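Residue numbers (the numbering used here): 295 to 657. We treat Cβ as the ideally placed atom computed from N, Cα and C, and that holds for glycine. This one's a predicted model, so the numbers in the text were calculated from it and none came from an experiment. Below is one structure, written out as structure tokens; comments come after it.
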Ligand code: F0G
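Here's what the structure looks like:
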């Protein structure tokens, strides 16, 4: 069978010249990246006539989150270095991605998760890809410090975003956005947990700008969950809480990177409440047809919060200037089916006849 070149090759092959790989690097890929940038009619209208809001649907990566962009790099480089095993701490998505890419690379995968605090879909992924999954009686931050200690002492590659190759891979989301829009957006809005992704996308924009591929840089707007907002509050949160379990992190590893992205770009790091997150989550699913996990909705919750507070008012004055905003939707809604079911009414049980059905339908 002849395979044409038009098939998407994954982020490493597509952006090879921007990434630290050589001909010797074995490319471990599940064809991640190339996710859709979806125009949002409702959010654009909410902001004003000259606004265009786009949703970068990272839930359509192979393991259904943005982590795959970083994991293809981290696992390829681990394989190149002759490593036999990878390890991570995770609120769920990193473990799902690490487990899948490790399976593909025939590497062992060890995963530490906070007990009882990861969504069902993510746990099922890590397990079925045959990772050794251990639930620690503590939170994500506790798990990450154990992983850091073990990977320092043993020949096991750490694949959390402390691994610089993860950041390299994840910066490709910025490249894709710019390639589609023809320049950087005016604002990029992104959920912040361990803060690797905001660090990575800011790096991507800066690299494209330096090479002259884009003319401007976006303002970076990062959003934490209010019960897990160490950067906003400028202090470590010992017992972080939020229904957005993916970003339930009290001491982010890339804290400095997030602050730098906000400061250098003239953006900000702010927070949204669980209520605002759930409202945005339901809005995206019911009005835009886009199902994301709660943590991902933090970007849209942040956009709505800023719009209400008048943050964008200045930009509505010059209606000739189109203002482009990209919200990163980091993970798929099916990752956390429990939360979806809890957020809506359960289906009514009725008699098995047409009349009963029509009555419920209002016909
Ligand atoms: N959104 C989702 C769906 C995530 O899974 C994460 C992080 C984030 C946002 C935040 O990204 O950490 O780079 O700031 N999940 C990690 C994990 C911590 O273990 O899966 P970040």
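In the assembly as shown, residue 608 is an exposed residue. Its beta-carbon has fewer than 16 other beta-carbons within 10 Å.
Residue pairing for residue 345: DSSP places it in a beta bridge opposite 617. Residue 302 and residue 491 have their C-alpha atoms roughly 23 Å apart. Just measuring C-alpha positions, the residue of 612, 543, 528 sitting nearest residue 438 is 543. Taking C-alpha positions only, residue 582 is separated from residue 444 by approximately 44 Å. In the three-state scheme derived from DSSP, where H, G and I count as helix and E and B as strand, residue 350 is classed as strand. In this structure, the alpha-carbon of residue 485 lies about 44 Å from that of residue 650. Look at residue 564 here: in three-state DSSP terms it is strand.
Pairing residue 367 with residue 462 gives a Cβ-Cβ distance under 8 Å.
In this chain, the beta strand (DSSP E) harbouring residue 383 covers 379 to 383. Proximity of the beta carbon of residue 483 to ligand 1 is not indicated: no heavy atom of the ligand is located closer than 7 Å. Taking non-hydrogen atoms of ligand 1 into account, the C-beta of residue 488 is found less than 7 Å away from one of them. DSSP lists 485, 564 as the bridge partner or partners of residue 517. Only residues of its own chain outside the window of five on either side were considered, and among them 654 have a CB closer than 7 Å to the CB of residue 642, listed in chain order.
In the structure shown, the three-state DSSP call for residue 475 is helix. Membership of residue 594 in any beta strand (DSSP E) is not indicated; the residue belongs instead to the alpha helix (DSSP H) covering 588 to 602. Take the alpha-carbon of residue 387 and the one of residue 648: they are about 43 Å apart. Check the Cα spacing between residue 408 and each of 551, 616, 541: the tightest is with 541. Note on geometry: alpha-carbon atoms of residue 567 and residue 422 lie some 33 Å from one another. Short of 8 Å from the beta carbon of residue 480, and not among the five residues preceding or following it, lie these beta carbons of its own chain, in chain order: 510, 512, 513, 609, 617, 618, 619.
The alpha-carbon separation between residue 498 and residue 645 amounts to approximately 57 Å. In this structure, the CA atom of residue 430 is about 44 Å from the CA atom of residue 477. Our two residues, residue 465 and residue 349, have alpha carbons roughly 17 Å apart in a direct line. With respect to the 8 Å criterion, residue 394 and residue 357 are classified as neighbours on the basis of their beta carbons. A direct Cα-to-Cα measurement between residue 434 and residue 571 gives close to 20 Å. Excluding residues up to 5 positions away in sequence, 321, 323, 324, 325, 326, 327, 366 lie with their Cβ nearer than 8 Å to the Cβ of residue 304 in the same chain. Here residue 487 is near residue 385, since their CB atoms are less than 8 Å apart. Within 7 Å of the C-beta of residue 455 there is at least one heavy atom belonging to ligand 1.
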